[in-house]
Amino acid sequence: ARVENGLVIGTTTSLPAASATVNKFLGIPFAQSPPERFSPPRAAPHVSTINATAWKPACIQQFTYPLASQQFTELVFNNPPPQESEDCLYLNIYAPATQSEDSKGLAVMFWIYGGSLEFGNAGQPTYDGSHFAGCENVIVVTTNYRTNVFGFPSSPELPLSGHNLGFLDQRFALEWVQRNIHAFGGDPTKVTIFGESAGAFSVDTLLTSFPKGSSPPFRGAILESGQYSYRPTPPTSSVPAWYNLTAELGCPGSFGSNLSCVRAASATDIQRIIDVNSLTFNPVADNITLVSNPAQRRVMGEIANIPVMGGTNAQEGRVFEVGQNNITAFLDTFFGSSPALVTAIKEAYPLGVDGLNTPYDVISQIFTEYYFQCSQALWANASAASGIPTWRYYFNASFTNTQSYPGLGVFHSSEIPIVFSTYPTVNVTTQEYALSRFMRGAWAAFAKNPANGPGWNAVGTGTGGAVLSTASDGLPGGILMGSNGTVQQGAWDLGVLGDVGNVHGSGVTVLPQSVVDGRCGLFVPVYEAILKAS
2 ARVENGLVIG TTTSLPAASA TVNKFLGIPF AQSPPERFSP PRAAPHVSTI
52 NATAWKPACI QQFTYPLASQ QFTELVFNNP PPQESEDCLY LNIYAPATQS
102 EDSKGLAVMF WIYGGSLEFG NAGQPTYDGS HFAGCENVIV VTTNYRTNVF
152 GFPSSPELPL SGHNLGFLDQ RFALEWVQRN IHAFGGDPTK VTIFGESAGA
202 FSVDTLLTSF PKGSSPPFRG AILESGQYSY RPTPPTSSVP AWYNLTAELG
252 CPGSFGSNLS CVRAASATDI QRIIDVNSLT FNPVADNITL VSNPAQRRVM
302 GEIANIPVMG GTNAQEGRVF EVGQNNITAF LDTFFGSSPA LVTAIKEAYP
352 LGVDGLNTPY DVISQIFTEY YFQCSQALWA NASAASGIPT WRYYFNASFT
402 NTQSYPGLGV FHSSEIPIVF STYPTVNVTT QEYALSRFMR GAWAAFAKNP
452 ANGPGWNAVG TGTGGAVLST ASDGLPGGIL MGSNGTVQQG AWDLGVLGDV
502 GNVHGSGVTV LPQSVVDGRC GLFVPVYEAI LKAS
């Protein structure tokens, strides 16, 4: 494939279940790499040929101490560990090798990885887009972007527009796709952005920064376990972290004049200091890549009307709260300023009821609903209310071969290998195979026609009475009705993917949101207070 910066040589792979062979182009530079440290991305130089046959290194990653926490995070989210380098501004493209002559170009799915904006890597085997390309006839692009202090430096010497370099990298890669994806059989007008966790946060920053009537470089968006508009914690300044870094590096001079010192330091020294000292570098509201009032813009209909799909996993919090068993201490950390709320939460999550058998279960479920599920519900319903076509899912299936640590259940990020069909090939269950095929197909269907959705009712539509249930293998997706035949009130607009009750579903079961969101009202005042304060 010939692109603006050279002739790209990739590899071809065939998958047993796929109808098409897949062309893989791994490690295409979308910008000059390595970039100048703490500077925005610049155009990649032209070369005669680009050898795109292997994933490039990850950008420099941060896994903060204490050591046990660092090792656990790496086990779950950085496995296998990639090489790391500042020479990292590369993307990967997975495209069907055979395409019909008359097609204008295929739909493109542009993946942004998660990792708390501290780590992540487009070359993780989990993010291999071959099954999408070979089985669903879409093109997948996965891109690297800078994270932690390398992506979000909070130096007072940098202009405000030069703080969110990681977001600028993402946009630079998106623009590269606009100009070059036709060379791989893609249609630049058919791009859907999708991401998980910090990747979904990034997707929402893109959605909220393009005003109504503008033409963003994408036409659909999927947000897995994350969004930016309704924050569960208030944003904090990273300037103290920057000063801490400069002090640890021994930079001379006043606080306002040590950018050159940090630029000259070795990447490994910087990485060690931010890891050991747990220094956090957050994006700042520059009103270019990150707007200061995303929820208001969404509610007022001031953002581009792009169809969206978003959802969360049933047990997001289990991976973050391993080893926690003091419910009171946990509640005081998050909600200590409101004793009445702490009491109400304790009553709403009683120990020994509904599978909450241990303090760890209780803590994890509160974290799941407060940090992910209820804020995503607000996001979905606000989007729909402002006239944006919106779909919401709830992922509820766990498989032994995707448990990177015992007992994590339906944990944060566990849907990704099911969406990409990159789960391990050992101990695969019938449900896992079928659910993966179903979800991959739903995500691809959304990308091919975002306004049509993934195949179930849009938020705010759909009436009760009968459960809508479809699965790719004819197994029932599950049915939920009251013992006397009554059904939940309200719109039937939540796509439950996987299990409903004790039925192992391999497709979608459509239910009212109230089935899973019953406790979300507790947290709305907290989200609102954070919105007002920020």
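In this text, residue positions in the sequence shown follow my numbering: the first is 2, and each later residue adds one. All C-beta atoms, glycine included, are put in the ideal place defined by N, C-alpha and C. Source: prediction; values computed, not measured.
Selection from the options that minimises the alpha carbon distance to residue i
| i | options | result |
| --- | --- | --- |
| L498 | S415, K533, A398 | A398 |
| F219 | E225, V178, E370, Y244 | V178 |
| T237 | T403, V192, P284, A96 | P284 |
| N24 | S131, P308, S215, L68 | S131 |
| P536 | A345, G115, N93, P126 | Nothing can be reported for residue 536: it is not among the residues displayed for the chain, which extend from 2 to 535. |
| I10 | V48, T54, P36, R38 | T54 |
| A305 | G496, V277, S216, A378 | S216 |
| M301 | Y244, G388, Q374 | G388 |
| A349 | I328, S338, T334 | I328 |
| F133 | A98, L118, G121, G167 | A98 |
| P295 | P212, D333, A69 | P212 |
| Y361 | S376, L342, E322 | E322 |
| D265 | M110, E37, G506 | Checking the sequence shown, residue 265 turns out to be Ala, not Asp. Nearest of M110, E37, G506 to A265, Cα basis: E37. |
| V150 | V142, A222, F412, L159 | L159 |
| E119 | Q71, V109, I140, D88 | Q71 |
| F195 | G186, D205, D188, G187 | D205 |
| N326 | G115, V363, E5 | V363 |
| Q62 | A530, Y146, A381, P41 | Y146 |
| P390 | A341, W457, H505, L8 | W457 |
| Y112 | T403, G152, F421, S384 | The displayed chain sequence assigns Trp, not Tyr, to residue 112. For W112, the nearest C-alpha among the options comes from F421. |
| V509 | A242, L436, Y244 | L436 |
| I419 | E225, L291, P513, N278 | E225 |
| L208 | N80, C375, D518, Y229 | Y229 |
| L512 | T22, I531, F396 | F396 |
| P157 | N138, P241, C136 | P241 |
Those residues which DSSP pairs with residue i across a bridge
| i | result |
| --- | --- |
| E225 | E197, G312 |
| W112 | T143, F195 |
| L1 | The question about residue 1 has no answer, for the chain in this structure spans 2 to 535. |
| N294 | According to DSSP, N294 bridges with nothing at all. |
| L107 | G187 |
| G461 | Answer by DSSP bridge pairing: none, since G461 is not bridged. |
| N536 | Because the chain spans 2 through 535 in this model, residue 536 falls outside it and cannot be assessed. |
| W243 | In DSSP, W243 forms no bridge with anything. |
| A59 | E85 |
| C3 | The identity of residue 3 in the sequence shown is Arg, whereas the question assumes Cys. L8, per the DSSP bridge assignment. |
| I271 | The partner list for I271 (beta bridge, DSSP) is empty, contrary to what the question assumes. |
| I389 | Note: I389 sits in no beta bridge, so no partner. |
| P212 | I304 |
| P513 | W493 |
| T13 | N24 |
Cβ neighbour criterion (16 or more within 10 Å) applied to residue i
| i | result |
| --- | --- |
| L175 | buried |
| Q366 | buried |
| Y394 | buried |
| G475 | For G475, the predicted structure reports a pLDDT of 34, less than 50, and the residue's modelled location is therefore unreliable. The matter cannot be settled from this model. |
| R273 | exposed |
| R441 | buried |
| Y528 | buried |
| R172 | buried |
| S267 | exposed |
| K57 | buried |
| N122 | buried |
| G313 | The displayed chain sequence assigns Thr, not Gly, to residue 313. T313 is buried by the Cβ-count criterion. |
| R3 | exposed |
| Y406 | exposed |
| S293 | exposed |
| R43 | exposed |
| N6 | buried |
| S582 | Absent from the structure is residue 582, since the part of the chain shown begins at 2 and ends at 535. |
| G408 | exposed |
| H47 | exposed |
| D170 | buried |
| P67 | exposed |
| G259 | One point to set straight first is that residue 259 is Asn, not Gly, in the sequence displayed. When all chains shown are included, N259 counts as buried. |
Cβ separation of residue i and residue j, assumed to be a contact under 8 angstroms, to the nearest whole Å
| i | j | result |
| --- | --- | --- |
| P154 | F282 | 7 angstroms |
| H164 | G106 | H164 to G106, Cβ: 35 angstroms. No contact. |
| N428 | T401 | 6 angstroms |
| D276 | L250 | So it is not a contact: roughly 14 angstroms between Cβ atoms. |
| I542 | F447 | No information on residue 542 is available, as it lies outside the stretch 2 to 535 that the chain covers here. |
| A108 | K449 | 5 angstroms |
| E433 | F373 | Not quite, the Cβ-Cβ distance comes to about 23 angstroms (not below 8 angstroms), so this is no contact. |
| V460 | N382 | 6 angstroms |
Next item on the list: Quick one: which unbroken alpha helix (DSSP H) runs of 4-plus residues sit fully inside the stretch 355 to 387? Chain order, please.
Entry: Fully enclosed alpha helix (DSSP H) runs of no fewer than 4 residues occupy 360 to 368, 375 to 386 of the stretch 355 to 387, in order along the chain.
Next item on the list: Tell me the start and end of each unbroken alpha helix (DSSP H) in the stretch 412 to 453 that is at least 4 residues and wholly inside, in chain order.
Entry: 417 to 420, 431 to 449
Notebook entry, point to check: Which ranges would you report for the alpha helix (DSSP H) in the stretch 122 to 173 if only whole runs of at least 4 residues count?
Noted result: 131 to 137, 149 to 152
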